[in-house]
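*Asks:* Dumping the structure here so I can ask a few things about it.
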Amino acid sequence: MSSLVTDNARMITDHAVQRQCFHCQSPVPSRLDLTVTIDGHRQPLCCISCEAAVQFIYDLHLESYYQYREQCSTNMVADKHTTNAEYSRLHKALTTLADGRQQLMLLIPDLRCVACVWLLEQVLGREAGVSEVNVNYATRRLRVVFDDRHSPATLAKRIEGLGYSVRADLPDASREAFTQTRRSLLLKMGIAGIGMMQVMMFAFGDYMSGSEMEAEFLALLRWASMALTTPVVLYSAWPFHRAAWFAIKNRTLTMDVPVSLAIVSAWLLSVFNTLTHGVEVYFDTACMFTFFLLIGRYAELLSRFHFQQSQDLLQHLLPDSVLRATHPEDTDSISISTTERVALETLAAGDVLLVMPGETIPADGLVVRGHSGVSEAAFTGEAIPQPKQPGARVLAGSVNHDGELLVRVKCEPGEFVIRQIARLNEQAGAWRPRWAQLADRTASWFVAAVLLIAAAAGIYWYQAGSADYLVIMMTVLVVSCPCALSLATPVAYSIATTTLRKHGVVIKHGAFLERAADTTAVVFDKTGTLTEANLKVTDIVLANADALHGIPDPQQMCMSLASALEAGSEHPIAHAFNAPHTLFVSNNKVVPGYGVSGDIDGQHYRLGLAEFALPQPDTRAPQPAGSGHWIVLSRQQQALAWFCLQDTPRAEASAIVSKLHQQGLRTAVFTGDRSMQADTIRTLFGIRDIRTGMSPADKVNAIRDLQQSARVMMVGDGINDTAAMAAADSSLAVTPRDSFVQNSADATLLSGSLRMLPAILVFSRKCQRIIRQNVTWSVVYNFTVIPLTLMGLVSPWLAALGMSLSSVLVVSNAGRLRWMEH
Amino acid sequence: MSAAADMMVSTLTGELISAFALGLFSAPHCLAMCGGIASALLMGGRSNLLTARPAPAPMTQSSELIASSVTHSPLMAAGFSLPLMSDALIYGTGKIVGYMALGFLAGTGGFLLGGLHSSALVLLQALSGLLLMVLGLYTSGWWLGVLSLERQAYRLWQPLLRRVRHLSLKHTSNKLLAGIAWGLLPCGIVFSVLSLALASGSGLHGLLIMMVFGLGTLPFVLLSGGLLQFLLPLLKLTWIRQCAGLGMIASGVWTLVNNLG
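In order, the protein sequence lines correspond to chains H and L.
Here my numbering is used: the first residue of the first sequence is 14, the next is one more, and so on.
Here my numbering is used: the first residue of the second sequence is 29, the next is one more, and so on.
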């Protein structure tokens, strides 16, 4: 059988002053001895229903609910901060920018609609001394940059004056504010729901009995309805009234104005008719409007919650405290006993940290001791650990799998790549297309029009003699609220940004998704994009047989000489010369752009471009024919050998290009270097349009030409082709993870691989399609329902239900962007 | 207006007022109890959230549910997310179907009883008034008599209910069955509404009354997971419980007086 034994035996319960029912957590009457034995513990129950419920839940093997509930309720106990404490926390969200201006990150928990975004941006933007204001509707974060004419407290007070509450944007603050909003919204919905059910029951009775109900019953029902509706209107619908009040106070109109007007007028009219025994009451209408509009709000909140949590996850990946070596200079002797535990935020560049196996690496830096596999899933979506050895770069947020690592911190915690990604992600998620911004700005005109139309409709139906003129008016007010329209874009963008980030694509400019969707031509910069930017010596041609006469392996000899000369250089070419050697070089010099020189055994050697290594062209040893980048090694200005350097193509590049062709896109390569000939590139990658040896200006012109007939996406490393990237419609950088910040592209592939490119293009089209569907749906919905309502064909409950379903539909449609095919 | 029609209207109003009183005064407990079940069902035994926990209690005869539960990330399971809504609707539908079946049975029973004797229906209404009073006494904590009624009813169909052990909540049909079983759980409030269905004296009316009742409970039972957290402190206040109890007793008395007087 089971360990669940119901036990009705009497037992003395002196210890239980106020026992709680195991299932429903209500108090158990003190005389009742009904218990259930779970895992050997007797738990009190309050009634047979709950006994049956426990049995039911265990029978369905859902008992983990009880444990989960306990976890939830402990999490619920969050400390609350008073407003004064909140002010003192504001300075924690303050950063000083490089140019001396201050940047404040605030959380506005009660941001209600995109019109609020516009209002905040306008009002703060007009303040003298404020140079930048961005409000992210999805995360409710406000970023403001200002100079010494303001302090955080004056700005916070200004925002509060507009009717919003302000919190310092610390990771915990957002979570806490979010939980609070969610709880209060649920409570409001619950109350509105209860009220609606009961009031509708009464209305149903009234309707069932036709007009035959006795006056005293009717009055009783009305009074009861009023008692139920009043808390719904005054408490549940409070957010609407409050928002509407502040909108009017600030002389704008937001969507809350007609909504609040409809609810309040339905309630006031009904109260009046109840008191005066008038003809009709609309308590059910007021309750329904409130309940269904709150459902719409809730759906929106959930989608925002998702984005918020994934944002928080980025922030919370890092541990709060780290093991820092007390004597960082002596790296060999560092062990756990010579470290101290310090807060992450106190780290500075140069600190040495000890990271144990299984821990999250807390800082960006270089490995100074130890070998381990490190998973960088947070950046690339790729969970397989990469080997790290001394000298390797590691990023905060990646997970150390096998070995103990000593890491030297490279930068301040605020500059960690993962934090930069979080910030960019947020900015990009907040981006709205130009037409959506226009819609926000014109929203108040739209609302004004709605108010006028509603009034006109009321007057028309009144003079037409319809008894329903008030209902029609109220329905128009509610039905025309463009809630779904205002959700259509921001929700989709915030979800799409998060999804891309999870697949290792960081968007820096919000317009990227929109423009990438229109792409018809993809231009690659060859070095580091189609190739790995990893040069190799593919050919050695000896130039001077006499000088090398008698040496057993002259090619090896030249290779050793070249490797010795290049040992002091960091140039990519230097990595190609890695032959072992025992030669000593004196006077080793790097001549940028040309090559290296040095003395070996008293003789002067040069390695580099022909004009550098051979001041007088050596007619006996001309540059060999053949593609590739040729450099020459000379001794006393006499050519010894020519080296051919070639880049390695990326393994996946040709497959990616053919996938792009399958999508019907044109491809091209615009590259500055000449090391690979057009034919070679063509055979390697299957791209037809190839131009080599281009200067940055040539690239820009070529892209402009291409833009005559196509929308161009430039794919490069984001460092060497800034101008071309700016000229293209959109740009994507394929770059090593730790240098992504410096690049100028709209988006960055953190995985350092082109594999995601076709998927990104497909995804961006999907994103635009979904936004278009959302916008179309909401516009069509609003513009068909408004005329029908004006004709009196839409009943209030249908209008309210349609509204909320429309919001839910838009949010769930955007939810499809959580998945990305690749 | 004929006297019969007059009585019909008055009866209906009486029923509605009783139903209202029931809903209003029992909502807190209903929320707490059914809300718990709803949350448990919707979490779908996502026990992978609790990996630190030892293996499930021995009563889990087959661990197939736990093994088969979809691996959701904690992110998804922590809050209600939209995909859960379809589950919620399935369970809710099942629950309403369960109620409707009960309502049909009760209504048919009332019809048969009404055929036996013309005053039977009046007596049944009086019965539902009494039931309300007993529930009120329980809610206020003054007399726990209603529990024995619940216990008897539970004994009656416990064997049937426990068949849910064999359900694995993977398939929609099983979810629907679990929902029906949920509807059949013994509950004083359901009994009271059932007594209304019984007193309606028609299978169809009984079915409709229970369906409306079920629809009414649906929206906020489904949303109650979070709501519970706010109501619990309220539920712990003795005076609130006593007020609710008094309210139920009063409406019970009212029903009695209305029907017998």
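Just so it is clear, CB atoms sit at the ideal spot from N, CA and C, and this is done for glycine as well.
Going along the stretch 213-231 of chain L in order, which residues come within less than 9 Å of chain H, judged by CB to CB distance?
*Replies:* Flagged, chain order: Leu213, Pro214, Cys215, Gly216, Ile217 and Val218.
*Asks:* Going along chain H in order, which residues have a C-beta closer than 7 Å to the C-beta of Gly169 (chain L)?
*Replies:* Simply Pro42.
*Asks:* With DSSP run on the structure shown, which of helix, strand or coil describes Asp660 (chain H)?
*Replies:* Note: Asp660 (chain H) maps to strand in three-state DSSP.
*Asks:* Compare the C-beta of Ser817 (chain H) with all C-beta atoms of chain L and state if any pair is closer than 8 Å.
*Replies:* It does not: the Cβ of Ser817 (chain H) has no partner Cβ on chain L nearer than 8 Å.
*Asks:* Is DSSP giving Val41 (chain H) helix, strand or coil here?
*Replies:* Correct three-state label for Val41 (chain H): coil.
*Asks:* With DSSP as the reference, label Tyr618 (chain H) as helix, strand or coil.
*Replies:* Three-state result, Tyr618 (chain H): strand.
*Asks:* Would you list, in chain order, the members of the stretch 281-309 of chain H that have their beta-carbon closer than 7 Å to a beta-carbon of chain L?
*Replies:* Listed by position, the residues of the stretch 281-309 of chain H near chain L (Cβ gap below 7 Å) amount to none.
*Asks:* Determine the chain H residues that contact Gly64 (chain L) at a beta-carbon separation under 7 Å, and present them in chain order.
*Replies:* Chain H residues near Gly64 (chain L): His36, Cys37 and Ala66.
*Asks:* Looking at chain H, which residues of the stretch 197-210 of chain L have a Cβ within less than 9 Å of any of its Cβ atoms?
*Replies:* Here the close residues are Leu197, Ala206, Ala209 and Trp210.
*Asks:* Can you tell me whether DSSP reads Ile7 (chain H) as helix, strand or coil?
*Replies:* Shown here, chain H extends from 14 to 835; a query on residue 7 (chain H) therefore has no answer.
*Asks:* Flag Ser75 (chain H) as yes if its beta-carbon sits less than 8 Å from any beta-carbon of chain L, otherwise no.
*Replies:* A small correction: the amino acid at residue 75 (chain H) is Leu; Ser does not occupy that position in the sequence shown. Yes, Leu75 (chain H) lies at the interface with chain L (some Cβ there is under 8 Å from its Cβ).
*Asks:* Assuming contact is defined by CB atoms lying nearer than 8 Å, are His830 (chain H) and Ala529 (chain H) in contact in what I supplied?
*Replies:* Reading off the sequence shown, one finds Leu at residue 830 (chain H), where the question assumed His. Their beta carbons are not under 8 Å apart, which means Leu830 (chain H) does not touch Ala529 (chain H) by this criterion.
*Asks:* Can you give the Cα-Cα distance for Ala470 (chain H) and Leu235 (chain L), rounded to whole angstroms?
*Replies:* Their backbone Cα atoms lie some 41 Å apart in a straight line.
*Asks:* Looking at Ser223 (chain L) and Ser156 (chain L), is the spacing between their C-beta atoms short of 8 Å?
*Replies:* Result yes, Cβ atoms of Ser156 (chain L) and Ser223 (chain L) sit closer than 8 Å.
*Asks:* With DSSP as the reference, please indicate the residues paired to Gln33 (chain H) in a beta bridge.
*Replies:* Its beta-bridge partners are H:Pro40.
*Asks:* Can you name the residues of chain L whose CB is closer than 7 Å to the CB of Leu45 (chain H)?
*Replies:* Here the neighbours are Leu172.
*Asks:* Following the continuous beta strand (DSSP E) through Lys602 (chain H), name the residue where it begins and the one where it ends.
*Replies:* Its beta strand (DSSP E) spans residues Ser599 to Val604.
*Asks:* For Ser101 (chain L), does the three-state DSSP call read helix, strand or coil?
*Replies:* Low per-residue confidence applies at Ser101 (chain L): pLDDT is 31, beneath 50, and the placement is therefore not dependable, though the value from the model is reported in the following sentence. The answer is coil: DSSP assigns Ser101 (chain L) none of H, G, I, E or B.
*Asks:* Do you know offhand how far Leu73 (chain H)'s Cα is from Gly142 (chain L)'s?
*Replies:* Computed Cα separation, rounded: 39 Å.
*Asks:* Determine whether the Cβ of Ser671 (chain H) lies closer than 8 Å to any Cβ atom of chain L.
*Replies:* Output row for Ser671 (chain H): interface = no.
*Asks:* Whose C-beta lies closer than 6 Å to the C-beta of Thr26 (chain H) among residues of the same chain, with five residues either side of it excluded?
*Replies:* Residue placement at Thr26 (chain H) is poorly supported in this model, since its pLDDT is 37, which falls under 50; the coordinates are not used for a value here.
*Asks:* Excluding the 5 residues preceding and the 5 following Leu132 (chain H) in the sequence, name in chain order all residues of the same chain whose CB lies nearer than 7 Å to its CB.
*Replies:* Closer than 7 Å at the Cβ level, and outside the excluded window around Leu132 (chain H), lie Leu175, Asn263 and Thr265.
*Asks:* Under a three-way DSSP split, which group does Asn263 (chain H) fall into?
*Replies:* Correct three-state label for Asn263 (chain H): coil.
*Asks:* Taking the alpha-carbon of Leu360 (chain H) as reference, which of H:Lys779, H:Arg421, H:Asp415 and H:His414 has the nearest alpha-carbon?
*Replies:* The residue with the shortest Cα to Cα distance from Leu360 (chain H) is H:Arg421.
*Asks:* So which residues of chain H does Leu69 (chain L) contact, with C-beta pairs closer than 9 Å?
*Replies:* Simply Ile70, Leu73, Leu75 and Tyr78.
*Asks:* With a threshold of 16 other CB atoms inside 10 Å of the CB of Gly404 (chain H), please say whether the residue is buried or exposed.
*Replies:* Exposed, because fewer than 16 other Cβ atoms sit within 10 Å of the Cβ of Gly404 (chain H).
*Asks:* Roughly how far, in whole angstroms, is the beta-carbon of Met283 (chain H) from the beta-carbon of Met239 (chain H), given that I think they are within contact range, below 8 Å?
*Replies:* According to the sequence as given, residue 283 (chain H) is Ser; it is not Met. Rounded, the Cβ-Cβ distance is 7 Å, consistent with contact.
*Asks:* Quick one: Cα of Ile124 (chain L) to Cα of Val788 (chain H), how far?
*Replies:* C-alpha separation (whole angstroms): 36 Å.
*Asks:* Give a yes or no on whether the minimum CB-CB distance between Ser62 (chain H) and chain C is below 8 Å.
*Replies:* The structure shown contains no chain C; its protein chains are H and L.
*Asks:* Only counting the same chain, and skipping five residues up and downstream in sequence, which positions put a Cβ closer than 6 Å to that of Pro637 (chain H)?
*Replies:* Contacts found: Val554 and Trp655.
*Asks:* Counting C-beta neighbours from all protein chains within 10 Å, is the total for Thr200 (chain L) 16 or more, i.e. buried, or is it exposed?
*Replies:* Looking at its Cβ environment, which holds fewer than 16 other Cβ atoms inside 10 Å, Thr200 (chain L) is exposed.
*Asks:* Count the CB pairs spanning the stretch 573-593 of chain H and the stretch 693-700 of chain H that are closer than 8 Å, and state whether there are at least three.
*Replies:* Because the criterion of three Cβ pairs below 8 Å is not met, the stretch 573-593 of chain H and the stretch 693-700 of chain H do not touch.
*Asks:* Lys198 (chain L) by DSSP, collapsed to three states: which one?
*Replies:* Coil, per DSSP.
*Asks:* Check whether the stretch 191-206 of chain H touches the stretch 273-288 of chain H, counting contact only when three or more Cβ pairs, one atom from each stretch, lie closer than 8 Å.
*Replies:* No, they do not touch.
*Asks:* Exposed or buried, what is Trp444 (chain H) when buried is set at 16 or more other beta-carbons lying within 10 Å of its beta-carbon?
*Replies:* So Trp444 (chain H) counts as buried.
*Asks:* With DSSP collapsed to three states, give me the class of Leu360 (chain H).
*Replies:* Residue state, collapsed to three classes: coil.
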